[in-house]
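I have placed the structure first, in the form of structure tokens, so that the comments after it can refer back to it.
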């Protein structure tokens, strides 16, 4: 005998509409849900939305329990739309599958199975065992894109890496002498802040910190608390204590990655300032990027935005660690003495790479934004 209430007949158009809403809700927690995926959930009864949820900051509560809390007792006999398989294991919170069963949900429409070995189909199976109708695969491709950072971390032990470059019309990223220069317009800078807000962490090298003294925060009004973790590659811990990434470390979390040879005294000084110091192997002064992304994933980072200068950008390209690239093309020119985008590499190493493909471009104010994804 089924323990769940009877299910009303499905309406494919309605299913698509409510799943689209679930994805929109999930996007609210991008950059804030790590180490968990940014999931969205909607509870619907007789065509009426009675509960909405998305993964909360820090990864809990989960989207499903948030949606059920809002739906209350009305959830009995309803349908839940969720962008990823409900969890089935006891973590810091009870399994979402059990909460769905207790609420009396009759039908679950799930976009995709969770590759996490602690779940991996067991959530769907637990629901079916209690008589709940489970349908999997609606908007599956969108789910793969929405949760790509979670999938990358589970399957490869590293975050999804997005490389951002702002380029002049002649392919430069800085003025002669490596002097910083404003390349893109205000609309593009706003878009960069949004990209930061949707990332778990933003990474730059010591050279960028030294030349630009950047804040590396989300500068849009009211969104400073959406700023990602700041990660600085600084092999010998030379970052000046007066610079922004150090001075504001208690407001915006900042991690410095250094080599084993870096001064223990310098590390303690930085820790006293509120920074975290991580050590990885280095060769000829270059940090091992494979270890860098591994240690970030171990700390929960699923989406990493690389916004460093030409040296850091080129090192990620050479290491085949770029999964996405966003290039902002400005109509301005800098001249032949300007700084090339990739240290020691032509820009075509990125734009014509067999590992990446262009998936579209759009106008952003006076600039053009081009998006590449791993093939």
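Numbering (my numbering), first residue to last: -3 to 371.
All C-beta atoms in this analysis are idealised placements derived from N, C-alpha and C, irrespective of residue type, glycine included.
If you're wondering where the values come from, they're calculated on a predicted model, not measured in any experiment.
Residue -1 versus residue 57: straight-line alpha-carbon distance, rounded: At residue -1 the pLDDT is 49, less than 50, meaning the model places this residue with poor confidence and gives no usable figure here.
Where does residue 15 land, buried or exposed, given buried means 16+ other C-beta within 10 angstroms? Burial call: buried.
Alpha carbon to alpha carbon, how far is residue 189 from residue 308? Give it in angstroms, no decimals. 20 Å
Rounded to whole angstroms, what is the Cα-Cα separation between residue 130 and residue 19? Using only the alpha carbons, I get a separation of about 18 Å.
Residue 99 and residue 71 - do their beta-carbons sit closer together than 7 Å? yes
Using a Cβ-based criterion (distance less than 6 Å to any ligand heavy atom), does residue 273 qualify as near the ligand COA? The ligand COA is not part of this structure, which contains no ligands at all.
Ordered list of beta strand (DSSP E) runs contained in the stretch 72 to 151, each at least 3 residues: Qualifying beta strand (DSSP E) stretches, in chain order: 75 to 78, 103 to 106 and 129 to 132.
May I have the straight-line CA-CA distance separating residue 225 from residue 172, to the nearest angstrom? If I take the Cα positions, the gap works out to 31 Å.
I need the DSSP call for residue 51, collapsed to helix, strand or coil. coil
Taking residue 311 and residue 285 to be in contact with their CB atoms under 8 Å, please state how far apart those CB atoms are, rounded to whole angstroms. 6 Å
Determine the DSSP secondary structure at residue 168, reduced to helix, strand or coil. strand
Rounded straight-line distance, which links the Cα of residue 126 to that of residue 357: 47 Å
Nearest-angstrom Cα separation, counted from residue 299 out to residue 195: 5 Å
Scan the stretch 282 to 322 and note each continuous beta strand (DSSP E) run of 3 residues or more that stays entirely inside, going in chain order. You should have 299 to 302.
So, under 8 Å CB-CB, residue 79 and residue 105 are touching, yes? Tell me the CB distance rounded to an integer number of Å. Residue 79 to residue 105, Cβ: 10 Å. No contact.
Rounded to whole angstroms, what's the CA-CA distance from residue 371 to residue 219? Just pull it up for me. 33 Å
Look at the Cβ atom of residue 208, then the Cβ atom of residue 176, and state whether they are nearer than 7 Å. Yes, Cβ-Cβ distance for residue 208 and residue 176 is below 7 Å.
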